[in-house]
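Everything in the sequence shown is counted per the working numbering, starting at 385 for the first residue and increasing by one. As structure tokens, the structure follows; a few thoughts come after it.
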Amino acid sequence: MFGSSALQDLGARLGIDPQTASSLISEYLPKIVDGLSPQGEAPAQQDLLSEGVNLLKGKLFS
Numbered sequence: 385m386f387g388s389s390a391l392q393d394l395g396a397r398l399g400i401d402p403q404t405a406s407s408l409i410s411e412y413l414p415k416i417v418d419g420l421s422p423q424g425e426a427p428a429q430q431d432l433l434s435e436g437v438n439l440l441k442g443k444l445f446s
């Protein structure tokens with residue numbers, strides 16, 4: 385899903401290696417998608433990008 389250059393960029397931004405970035409994405413992306421779409425549906429009034437960033441911050445930096 386994510387190319388090696390994207391993982392390298394993400395790792396550099398977070399101060400981790402690309403393999404760790406890949407592992408974190410593999411672990412947390414499904415949880416983030418589940419959190420954004422309860423019962424498989426995204427509420428229309430919700431800003432999904434903002435909600436996703438907030439969930440990601442909470443998972444990675446808590």
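Heads up, the beta-carbon is just placed ideally off N, CA and C, and yes, glycines get one too.
Unbroken alpha helix (DSSP H) run spanning residue i, endpoints
| i | result |
| --- | --- |
| P402 | 402-420 |
Cutoff 6 Å; reference residue i; Cβ partners in own chain excluding five residues on either side
| i | result |
| --- | --- |
| L413 | none |
9 Å Cβ cutoff, residue i in contact with chain B
| i | result |
| --- | --- |
| G395 | Protein chain content of the structure displayed is limited to a single chain, and chain B is not contained in it. |
Local conformation of residue i per DSSP, three classes
| i | result |
| --- | --- |
| G387 | coil |
| D431 | coil |
Residues of its chain near residue i, where Cβ-Cβ distance is below 7 Å and the 5 sequence neighbours each way are ignored
| i | result |
| --- | --- |
| T404 | G395 |
| E411 | none |
| Q392 | P402 |
Sequence-distant residues of the same chain with beta carbon closer than 8 Å to residue i, five excluded per side
| i | result |
| --- | --- |
| T440 | It is Leu, not Thr, that sits at residue 440 in the sequence shown. Hits under 8 Å: Y412, I416. |
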